[in-house]
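*Asks:*
In the working numbering, the protein residues as written are 4 to 504.
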C-alpha cells in the first residue's frame, strides 16, 4: 500500500531541483552552440562578401606558359586601396583583407600561387586538389580548407578567368574568424560554467533549507508513529517556511502528547475509581447478604438477634445508598452538567450547616465568622449543592479530629469573589496525604473504618461542585498544625475563578 499523500510516479523535491538543473544546463549548452554557430556563420558571410569583391578581374597566365609576369596591356592584381571606389568604409575592409589574400591559378596538375598573405610564404597556400577547384568553379560557392604549411584555414572561391580560361583560386585567411570564434567559445564555456556553478550553489542552498528539514520531519514523524510521542522536530533555520512548519508541528505534537497523557491518566483514574467503588460497595452488599443467608438458615430466631441484624442491614443499606448517591452526583458533574443556577445568599447556607454540625458533633467547638452587618453575600449556583459542600467540609473536620477540637467556619467576601474557609486545630495530615486529599476514595488514615472514615468521596465532591460553580478549592495542612480548606467562588456578576493547581 502506498503511503498517504504520495502519488504514483511523483518526484521528490530533490529530484525536481536536480532535473531543473539538468534542463538549465541543457538550455545553456544549446544557447552556447547557437551563439557560436550564429556568430561563426555571420563572420564567414562577411569573409564571403570580401571574397566576392576580391575575386574580380585579375591576371592569370595561360596554362602551360609558366610565365607569371603580366604582358603589356593585361589586367594585373592591384590592392583594392589603389582602385577607385565610392564606398570608403568598404575600401577600408578590403585593405585589411588584402593582407590575408591568396590568389592562385591551376597550371596543369598543380596550383601556382600569384599572391600569398603577407604573413605567410608559398608553403602556406590552401590545401586543395584540382578536382575540388573544378567543382567549386562550376558552382561558384565558397568553401573552407586547411593550409599546407600550418594550422591556418582559408575561405576560398574558384572561378574561370574570362580572358585566359584559367581556373583562378582566391582565398582569405580565417585567422581572425577562428580567433574570434575560439574566444567566443571560451567566453561561452566560462560563462556557462559560472552560471551552472551559481545555480548549483543556489540549488544546494534551497535543498539544504528546504529538503533537509523535510527529511528530518519525515524521520521524526516515523519515530512518533512508532510510539515515541516525546520526539520533536529539530529546529530549522529561523525565518524559513520549514522553521514555521516545524514549530507548528512541535506545538501540535505537544498538544497530542498532552492529550494522550491526559487520556492515559484519565483511564488510570477510571480503573482506580471503578476498583475503589467496587471495593466500597462490596462490603455493605456482603454484610446484607450474610444476614439474609443467616436468616434463611434459621440462625436469627432470637428476637434480639433479629433486631440487631435488621439494624445492621438498615445501616449498611443507608451507607450503600449514600455511596451510590455520591457516585451519581460525581458522574453528573463529570459529564459537565451545569448545576441549578439561581442567586444564593451564602450567609444562611453557612448558618444552617453550622447548626447541623453543632447538633451532630457536640464534642467539638464551632466558631462561625460572618461578615459584619446583615448584608447578603450572593453567588450564583445551586443552594443544595453549596450546602452539601459546606456540610461535607464540616463533617470531615468532625470525623477526622479528636473530641475537643475547635472548628472554624469563616465567610470572607472580597473583590469579585468570596472565600469559605473551614479550619481546625486537629492533628493535620502529611504533605503526601494533602496532595492526594481530593482523589476519590483516598483516605489519609487507611486504618480507619469505613463507618468513621467515610467513603473518601467528600473532598472529591467538594472540588467538583466548586469547579462546576466556576470556583476553586485549595487545602493547607501540616502534621500537628491542623487542616484548612478554602473554597473560592465568584460573586454574582463576577467572572469565574480559575481553579487552583
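C-beta atoms are modelled at their ideal positions from N, C-alpha and C, and glycine is treated no differently.
(1) Which residue from 241, 252, 242 puts its Cα closest to that of residue 233?
(2) If contact is defined by three or more beta carbon pairs under 8 Å, each pair taking one atom from either stretch, is the stretch 459–470 in contact with the stretch 370–377?
(3) So does the stretch 216–234 actually touch the stretch 184–202, counting three or more Cβ pairs closer than 8 Å?
(4) Starting from the C-beta of residue 294, find all residues in its chain whose C-beta is less than 6 Å away, skip the five residues before and the five after it, and write them out in chain order.
(5) Would you check if there are 3 or more beta carbon pairs closer than 8 Å linking the stretch 298–311 to the stretch 259–267?
(6) Around the Cβ of residue 438, are there at least 16 other Cβ atoms within 10 angstroms (buried) or fewer (exposed)?
(7) For residue 20, collect the residues of the same chain with a Cβ closer than 7 Å to its Cβ; drop the 5 residues on either side in sequence, then sort them by chain order.
(8) If I measure Cβ to Cβ from residue 451 and keep anything under 7 Å in the same chain, skipping five residues before and after, which residues do I get?
(9) In its own chain, which residues sit with a C-beta less than 7 Å from the C-beta of residue 284, not counting the 5 before and 5 after it?
(10) If residue 158 and residue 50 are in contact, beta carbons under 8 Å, what's the gap, nearest whole angstrom?
(11) What separation, rounded to the nearest whole angstrom, lies between the Cα atoms of residue 321 and residue 387?
(12) Would you tell me roughly how many angstroms separate the C-alpha atoms of residue 389 and residue 290, rounded to the nearest one?
(13) For the beta strand (DSSP E) containing residue 116, name the first residue and the last one.
(14) Going by beta carbon distance, what residues of the same chain come within less than 7 Å of residue 87, once the five residues before and after it are set aside?
(15) Within the stretch 345–390, note down every full beta strand (DSSP E) run reaching 3 residues or more, in order along the chain.
(16) Please name the residue, chosen from 365, 56, 258, 383, that lies closest to residue 348 on a Cα-to-Cα basis.
(17) Assess contact between the stretch 358–366 and the stretch 418–435, defined as three or more Cβ pairs (one per stretch) separated by less than 8 Å. Is contact present?
(18) Could you give the residue range of the alpha helix (DSSP H) that holds residue 490?
(19) Using three-state DSSP, classify residue 131 as helix, strand or coil.
(20) Can you grab the Cα-Cα spacing for the pair residue 185 / residue 171, in whole Å?
(21) In its own chain, which residues sit with a C-beta less than 8 Å from the C-beta of residue 204, not counting the 5 before and 5 after it?
(22) Hey, out of 417, 156, 163, whose CA is closest to residue 176's CA?
(23) Enumerate in chain order the residues of its own chain whose CB-to-CB distance from residue 381 is below 6 Å, with the five nearest sequence positions on each side excluded.
(24) Alpha carbon to alpha carbon, what distance is there between residue 41 and residue 116?
(25) Output the boundary residues of the alpha helix (DSSP H) element that contains residue 35.
(26) Spatial neighbours of residue 479 within its chain, please: CB distance less than 7 Å, with the 5 preceding and 5 following residues excluded, ordered by chain position.
(27) Just the C-alpha distance for residue 57 and residue 107, rounded to the nearest angstrom, thanks.
(28) Take residue 17 and list the residues in its own chain whose beta-carbon comes closer than 8 Å to its own, dropping the five residues that flank it on each side.
(29) Rounded to whole angstroms, what's the CA-CA distance from residue 271 to residue 442? Just pull it up for me.
(30) In three-state terms, what does DSSP make of residue 184?
(31) Under 8 Å by Cβ, that's how I've got residue 187 and residue 30 pegged, so tell me the actual separation to the nearest angstrom.
(32) Leaving out five residues on either side along the sequence, give the residues of the same chain with a beta carbon under 6 Å from the beta carbon of residue 411.
(33) Using a C-beta cutoff of 7 Å, does residue 16 count as contacting chain B?
(34) From the DSSP secondary-structure annotation, give me the bridge partner or partners of residue 295.
(35) Could you pull out every residue in the same chain whose Cβ sits closer than 7 Å to the Cβ of residue 118, ignoring the five residues on either side in sequence?
(36) Beta carbon of residue 438: closer than 6 Å to some heavy atom of the ligand MG?
*Replies:* Walking through what the data contain:
(1) 252
(2) no
(3) By the C-beta criterion, the stretch 216–234 is judged not to be in contact with the stretch 184–202, since fewer than 3 inter-stretch pairs fall below 8 Å.
(4) Cβ neighbours of residue 294 beyond the five flanking positions: 312, 316.
(5) no
(6) So residue 438 ends up on the exposed side.
(7) 206, 209, 210
(8) Only weak support exists for where residue 451 lies, its pLDDT of 41 falling under 50; the coordinates are left without a value.
(9) 323, 326
(10) 5 Å
(11) 20 Å
(12) 33 Å
(13) 113–118
(14) Because residue 87 sits at a pLDDT of 41, beneath the cut-off of 50, its placement in the model cannot be relied upon, and the following sentence gives the value as read from the coordinates. Here the set comprises nothing.
(15) 345–348, 368–372, 381–384
(16) Considering only alpha carbons, the answer is 383.
(17) no
(18) Premise fails: residue 490 lies in the beta strand (DSSP E), 485–493, not in any alpha helix (DSSP H).
(19) Residue 131: coil per DSSP, three-state reduction.
(20) 31 Å
(21) none
(22) 156
(23) 346, 348, 495
(24) 33 Å
(25) Where residue 35 is concerned, the enclosing alpha helix (DSSP H) stretches over 16–57.
(26) 487
(27) 13 Å
(28) For residue 17, the CB contacts under 8 Å within the same chain, skipping 5 residues up- and downstream, are 210, 214 in chain order.
(29) 12 Å
(30) helix
(31) That belief does not hold up - the Cβ atoms of residue 187 and residue 30 are roughly 18 Å apart, past 8 Å.
(32) 370, 426
(33) Checking the listed chains, one finds no chain B in this structure; it contains a single protein chain.
(34) For residue 295, which the question treats as bridged, DSSP gives no partner whatsoever.
(35) Once the five neighbours on either side are set aside, the close Cβ partners of residue 118 are 80, 104, 105, 106.
(36) This structure lacks the ligand MG; in fact it carries no ligand of any kind.
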